[in-house]
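Undergrad:
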DNA sequence: CATGGCATGTAATTTGTTACATGATTTC
DNA sequence: GAAATCATGTAACAAATTACATGCCATG
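Residue numbers (the numbering used here), protein chains in the order written: chain A, -7 to 161; chain B, -7 to 161.
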């Protein structure tokens, strides 16, 4: 449901293809939401049918023609209305955390491995974020990046703490 | 899908009703996942049909009889198998963050309001977490609580930073 | 010559939310 | 007297993932 507005919002910044939107979200907005083609394309079609976006087909050589979408006035207004409403609560699912909590019957070694895997994942994410951070111009994107970075660092500290705690036990 | 294992895992700790499970998740595991009755009860029925759990009906006066579920050996093994597999990636949706990012056409005042609302929400969450923290005995529950607290604090710091930044701009 | 990027899309399935229905008891 | 707690459940719907299909180009 909020994917509609994600799309509209990104198209306000600049006209794009579905493919572009996906890249954009993966690169800079992963802390806020995610987007798969299976959601993106059908949603774009719906928005088109509703007149919230329009399409401009750009033919290409030996490739499906690009469909560059841009927002209509109607779309802008739908977005503005949505923006002014209070945000829905966060929806969060961290399977890693659930497994850690339920890991009573696992060996200490297995638990340590879980933590190590997670740590590597978060460190990788941190690197990615820092790399992206350098390519940013738009201040609002900086906000989101800072958010993601802060949470990453907090989690890393928590992981370090836990690891040493478990060793001591 | 991971709700199956959430249920199994909690039932390993002790037999419970669907209602109890819900309370348990809301109280101590909100950083990992969530659970609504609409998911919980049907999932319990499925687990029962598969022989992963068994039920013991406890009649009550002027109330539907309690259905206390407990895990079978089969259920335990299903859980153990799942636990040893690598965890799925986090699934995160923060509508608040998305709105903040897309808030270009809002007034500065509206943005400040969004931040203030979020801040109050996180502060409330923090208080709740701290209250729950005192009732905890199980060390693994402490881990999860610490996780939630760390992220809360990181977000609060980020919010404070942002607020002052925007004022300056 | 395989991998990954570019670029579109569909269909089946899973997953989950929301809202509803029921109804007594306790607490403010 | 209203609201929250206890306690179960279903049904309709919305949302999203996954896997698939297609096919060229560039890079290593």
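Virtual Cβ for every residue (Gly too), placed ideally from N, Cα, C. Owing to the predicted nature of the structure, the values given are computational and were not obtained by experimental measurement.
Is any beta-carbon of chain B found at less than 7 Å from that of residue 85 (chain A)?
TA: True, the Cβ-Cβ gap to chain B drops below 7 Å.
Undergrad: From the DSSP output, read off the bridge partner residues of residue 48 (chain A).
TA: Paired residues: A:60.
Undergrad: Three-state secondary structure (DSSP) at residue 85 (chain A)?
TA: Three-state result, residue 85 (chain A): strand.
Undergrad: According to DSSP, is residue 106 (chain A) part of a helix, a strand, or is it coil?
TA: Helix, per DSSP.
Undergrad: Taking the alpha helix (DSSP H) that residue 69 (chain B) falls in, what are its first and last residues?
TA: It spans 65 to 76 - the alpha helix (DSSP H) in which residue 69 (chain B) sits, taken as one unbroken run.
Undergrad: Take every Cβ of the stretch 137 to 153 of chain B, pair it with every Cβ of the stretch 25 to 42 of chain B, and state whether three or more of those distances are shorter than 8 Å.
TA: With the cut-off at 8 Å, the stretch 137 to 153 of chain B and the stretch 25 to 42 of chain B do not touch.
Undergrad: Counting only C-beta atoms, is residue 136 (chain B) closer than 7 Å to chain A at any point?
TA: Answer yes: the Cβ-Cβ gap between residue 136 (chain B) and chain A drops below 7 Å somewhere.
Undergrad: I believe residue 89 (chain A) touches residue -3 (chain B) by the beta-carbon criterion, under 8 Å. Please report the beta-carbon distance rounded to the nearest angstrom.
TA: Not a contact, Cβ separation roughly 13 Å.
Undergrad: At a Cβ threshold of 7 Å, is residue 116 (chain B) touching chain A?
TA: Output row for residue 116 (chain B): interface = no.
Undergrad: Got a sec: which bits of the stretch 80 to 107 of chain B sit with their beta carbon under 9 Å from any beta carbon on chain A, in order along the chain?
TA: Correct list: 80, 81, 82, 83, 84, 85, 86, 87, 88, 89, 90, 91, 92, 93, 94, 95, 96, 97, 98, 102, 106.
Undergrad: Can you grab the Cα-Cα spacing for the pair residue 70 (chain B) / residue 46 (chain A), in whole Å?
TA: Cα to Cα, residue 70 (chain B) sits roughly 50 Å from residue 46 (chain A).
Undergrad: Using a cut-off of 7 Å between C-beta atoms, extract the partners of residue 32 (chain A) located in chain B.
TA: By Cβ distance, chain B contributes nothing, its closest Cβ being about 15 Å from residue 32 (chain A), past 7 Å.
Undergrad: Decide yes or no for the touch test of the stretch 51 to 68 of chain B against the stretch -1 to 9 of chain A: beta carbon pairs closer than 8 Å, at least 3 of them.
TA: Result no; under three Cβ-Cβ pairs closer than 8 Å.
Undergrad: So, using beta-carbon positions, are residue 133 (chain B) and residue 20 (chain B) closer together than 7 Å?
TA: A contact, by the Cβ cut-off of 7 Å.
Undergrad: Using 10 angstroms around the beta-carbon of residue 87 (chain A), count the other beta-carbons present and answer buried if the total reaches 16, otherwise exposed.
TA: By the 10 Å Cβ count, residue 87 (chain A) comes out buried.
Undergrad: Rounded to whole angstroms, what's the CA-CA distance from residue 74 (chain B) to residue 131 (chain A)? Just pull it up for me.
TA: Cα to Cα, residue 74 (chain B) sits roughly 42 Å from residue 131 (chain A).
Undergrad: By the 10 Å Cβ neighbour count, where 16 or more other Cβ atoms means buried, how is residue 53 (chain B) classified, buried or exposed?
TA: Residue 53 (chain B) should be labelled exposed.
Undergrad: In terms of alpha-carbon separation, which member of A:14, A:44, A:22 lies closest to residue 30 (chain A)?
TA: Cα-wise, what sits closest to residue 30 (chain A) is A:14.
Undergrad: My guess is that residue 111 (chain B) and residue 148 (chain B) are in contact by the Cβ rule of under 8 Å, so how many angstroms apart are they, rounded?
TA: About 7 Å; that satisfies the 8 Å criterion.
Undergrad: Look at the alpha carbon of residue 97 (chain A) and the alpha carbon of residue 113 (chain A), and state the distance between them as a whole number of angstroms.
TA: Those two C-alpha atoms are separated by around 24 Å.
Undergrad: For residue 72 (chain B), tell me which candidate among A:58, A:49, A:94, A:77 has the shortest Cα-Cα distance.
TA: Cα-wise, what sits closest to residue 72 (chain B) is A:94.
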